[in-house]
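**Q** Just so you know, we're using the numbering used here here: the sequence shown kicks off at 100 and counts up by one.
Every residue gets a Cβ at the ideal spot worked out from N, C-alpha and C, and that includes glycine.
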Amino acid sequence: MNAPTGLDTDLLRTFVLIADGRSFTHAAAVVGRTQSAVSMQMRRLEELLGKPLFHRNGRRTELTEHGQFLLARARGVVNLADEIVGAFRAPRLSGTVRIGAPDDYATRYLPDILARFAATHPDVEVEVLCEPSEDLRERLDRSTIDLSLLTVGCAPEKAEIVWQGPLLWVGSQDHPDVHRRDPLPLALSHANCSWRRSAERALEEAGRAYRVAYRSNSQTGQLAAVLAGLALTVCTPCTLPAGLRMLGRAEGLPPLPGFAIALAIAPGARQPIADALGRHISASFHAEAVSEGIVAPAA
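Okay, here's the thing in structure tokens:
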């Protein structure tokens, strides 16, 4: 069996630049090469992968289905390569960086991210603040934190989307009939929370009566009410605490919309530490997306 040919990170970097700017000209200006040289790079990449990555839409360059599949992975590879090189070449970082995250994002994603960051940047002290996305956005704007994970909708316009997926209904394993109650009792966050608005809108469109029986700005508080069999809530796909289960159409519950998690860096962030942690977080999310096996496009 022939060994697979390795992917050149320079090719992937140029590919990401073209995808971001929707233009070969833009990418050529950034990397300091001629447009013909960039075009030749992309022909090499397409030949290596055996699939077309671009098609023209007027003056804009659009990605094919295979191009979109590659972009979801290429950005993480490039960020990870930059992090590896930076860890060896850059001066050893020290100091403090302040990161914010809603408590459910912190529980789900930060343990592995912070462990790997500490391995490459042992002299950096990381302060973690857990608050709702709306409050974290205010802290970003005031630069009282350096960077944050946020629900898209609360994030700044230039924030990077690092995760996309569905919201899911969650109920108690020991109280399996809560979803049959009328009105349906819910444990949700404050009225402006995007997850709460999504849950309420889905129930209203389905004609299902509901009431917010328990309110907590942390998902830990919401899940406490769910574990007690007092309400349902919504959350992201993840490993749930013991005693909880995912619910859906089989229980007569309407589908919930997708949502996204963004990474934003404050205008007054403590560089270069904040930039280093930001690159590390971005690479970690993209690496996890690959490990979870996002479905490949049809051959």
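How would you label PHE187, buried or exposed, when you count the other beta carbons within 10 angstroms and need 16 or more for buried?
**A** The sequence position of residue 187 within the sequence shown is 88, counting from 1. Exposed, since its Cβ has fewer than 16 Cβ neighbours within 10 Å.
**Q** Report back the beta-carbon spacing between ALA72 and LEU239 to the nearest angstrom; my notes put them in contact at under 8 Å.
**A** Nothing in the structure corresponds to residue 72, since the chain is present only between 100 and 398.
**Q** Quick check: the stretch 281-289 against the stretch 305-317, are at least 3 beta-carbon pairs closer than 8 Å?
**A** Result yes; three or more Cβ-Cβ pairs closer than 8 Å.
**Q** For MET345, list the residues DSSP reports as bridge partners.
**A** Position 246 of the sequence shown holds residue 345. The partner list for MET345 (beta bridge, DSSP) reads VAL269.
**Q** Which runs of the beta strand (DSSP E) fall wholly inside the stretch 238-265 and span at least 3 residues, in chain order?
**A** Entirely contained in the stretch 238-265, the beta strand (DSSP E) runs reaching 3 residues are, in chain order, 246-250, 259-265.
**Q** Alpha carbons only, please: which of LEU170, VAL269, VAL251 is nearest the one belonging to LEU329?
**A** Position 230 of the sequence shown holds residue 329. Closest by alpha carbon: VAL269.
**Q** What is the C-beta distance between GLU237 and GLY199, in whole angstroms, given that I count them as a contact (C-beta under 8 Å)?
**A** Walking along the sequence shown from the start, residue 237 turns up at place 138. Walking along the sequence shown from the start, residue 199 turns up at place 100. In fact, because the Cβ distance is near 10 Å, the residues do not count as touching under 8 Å.
**Q** Between the alpha carbons of PRO265 and ASP202, how many angstroms are there, rounded?
**A** Residue numbering aside, residue 265 sits at position 166 when the sequence shown is read from its first letter. Residue numbering aside, residue 202 sits at position 103 when the sequence shown is read from its first letter. Approximately 18 Å, taken between the alpha carbons.
**Q** Compute the Euclidean distance between the alpha carbons of TYR313 and VAL325, then round it to the nearest angstrom.
**A** One-based indexing of the sequence shown puts residue 313 at position 214. One-based indexing of the sequence shown puts residue 325 at position 226. Distance between the alpha carbons of TYR313 and VAL325: 9 Å.
**Q** My understanding is that ALA359 touches ILE260, with C-beta atoms under 8 Å, so please give their C-beta distance in whole angstroms.
**A** Within the sequence shown, residue 359 is the residue found at index 260, counting from 1. Within the sequence shown, residue 260 is the residue found at index 161, counting from 1. Yes, ALA359 and ILE260 are in contact; Cβ-Cβ is about 5 Å, under 8 Å.
**Q** GLN134 and PHE123: beta carbons closer than 7 Å?
**A** Here residue 134 refers to the residue found at position 35 of the sequence shown. Here residue 123 refers to the residue found at position 24 of the sequence shown. Yes, the Cβ-Cβ distance between GLN134 and PHE123 is below 7 Å.
**Q** Are the CB atoms of ARG215 and ARG159 within a distance shorter than 7 Å?
**A** Taking the sequence shown and counting its residues from 1, the one referred to as residue 159 is at position 60. Taking the sequence shown and counting its residues from 1, the one referred to as residue 215 is at position 116. For ARG159 and ARG215, no; Cβs fall outside 7 Å.
**Q** Short of 6 Å in beta carbon distance, which residues of its chain neighbour ALA397, apart from the five on each side in sequence? Order them along the chain.
**A** As a first step, residue 397 is located in the sequence shown; it is residue number 298 there, counting from the start. Its pLDDT being 45, under 50, ALA397 is placed unreliably in this model, and the value from its coordinates should be taken loosely. Hits under 6 Å: none found.
**Q** Here's the rule: buried if 16 or more other CB atoms are within 10 angstroms of the residue's CB, otherwise exposed. What is GLU146?
**A** In the sequence shown, residue 146 corresponds to position 47, counting from 1. Exposed.
**Q** Rounded to a whole number of angstroms, what is the C-alpha to C-alpha distance between ALA375 and LEU192?
**A** Taking the first residue of the sequence shown as position 1, residue 375 is located at position 276. Taking the first residue of the sequence shown as position 1, residue 192 is located at position 93. Roughly 9 Å separates the two Cα atoms.
**Q** Among residues of its own chain, excluding the 5 on either side of CYS337, which ones have a beta-carbon nearer than 7 Å to its beta-carbon?
**A** Your numbering for residue 337 matches position 238 in the sequence shown. ARG207.
**Q** Where does GLY320 fall in DSSP's three states?
**A** As a first step, residue 320 must be located in the sequence shown, where it is residue number 221. Correct three-state label for GLY320: helix.
**Q** From ALA118, GLU233, ASP211, pick the residue whose C-alpha is nearest to that of GLY252; which is it?
**A** As a first step, residue 252 is located in the sequence shown; it is residue number 153 there, counting from the start. It is GLU233 whose Cα lies nearest to the Cα of GLY252.
**Q** Residues in its own chain within less than 7 Å of THR163 by CB, not counting five upstream and five downstream?
**A** Reading the sequence shown from its first residue, position 64 is the one you call residue 163. Same-chain partners within the cutoff: PRO151, LEU152, PHE153, HIS154.
**Q** Helix or strand or just coil, what does DSSP make of LEU106?
**A** In the sequence shown, the residue the question calls residue 106 occupies position 7. Three-state DSSP puts LEU106 in coil, outside helix and strand.
**Q** For ASN291, count neighbouring C-beta atoms within 10 Å of its own C-beta (all shown protein chains included) and say buried if the count is 16 or more, exposed if not.
**A** Within the sequence shown, residue 291 is the residue found at index 192, counting from 1. Exposed, since its Cβ has fewer than 16 Cβ neighbours within 10 Å.
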